[in-house]
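**Student:** Mind looking over this structure? Questions follow.
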Amino acid sequence: MQQDVIIRPLITEQATKKAEKGKFTFHVEIGANKTAIKKAIEKSFLVHVTDVATIIVKGRTKRTGMRRTEKKLSPWKKAVVTLKKDEKIDLFHVGVDK
7 MQQDVIIRPL
17 ITEQATKKAE
27 KGKFTFHVEI
37 GANKTAIKKA
47 IEKSFLVHVT
57 DVATIIVKGR
67 TKRTGMRRTE
77 KKLSPWKKAV
87 VTLKKDEKID
97 LFHVGVDK
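Structure representation (structure tokens):
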């Protein structure tokens, strides 16, 4: 079940700026609680999690098709995970270090 909690890492400009400060962002299951997210991150990436903040992102509307009909996208959950000092997850460090 712990592998089902994390859907994918969110790698955006804002998320990479947070990653430099030790905060990593993930798209997680909407029903997952903070303790399940913490255990899944620690098991998957072999790090120590100090804090988990969760946000439910509202579903937006999207226009599709020839008639441009509106389709409602479902809400999803985002988790911002803070790690112990000097720990990192390599997925978020793209490119060459300075």
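So for the sequence shown, the numbering used here puts the first residue at 7; every next one is plus one. All C-beta atoms, glycine included, are put in the ideal place defined by N, C-alpha and C.
In this structure, does DSSP put Asp-57 in helix, strand or coil?
**Tutor:** Looking at Asp-57 - three-state DSSP - the assignment turns out to be strand.
**Student:** What is the rounded straight-line gap between the Cα of Val-102 and the Cα of Ile-95?
**Tutor:** Summary for Val-102: the model assigns pLDDT 49, below 50, so the residue's position carries little reliability; its value from the coordinates is reported in the next sentence. The alpha-carbon atoms of Val-102 and Ile-95 are separated by roughly 15 Å.
**Student:** Can you pull the DSSP bridge partners for Ile-17?
**Tutor:** Paired residue(s): none; Ile-17 is not in a bridge.
**Student:** For Ile-36 versus Ile-12, is the C-beta distance shorter than 8 Å?
**Tutor:** No; because the gap between Cβ atoms is not below 8 Å, this pair is not in contact.
**Student:** Which residue from Lys-24, Arg-73, Val-87, Thr-22 puts its Cα closest to that of Val-58?
**Tutor:** The shortest C-alpha separation from Val-58 is found at Val-87.
**Student:** Rounded to a whole number of angstroms, what is the C-alpha to C-alpha distance between Pro-81 and Lys-91?
**Tutor:** Cα to Cα, the separation comes out at about 32 Å.
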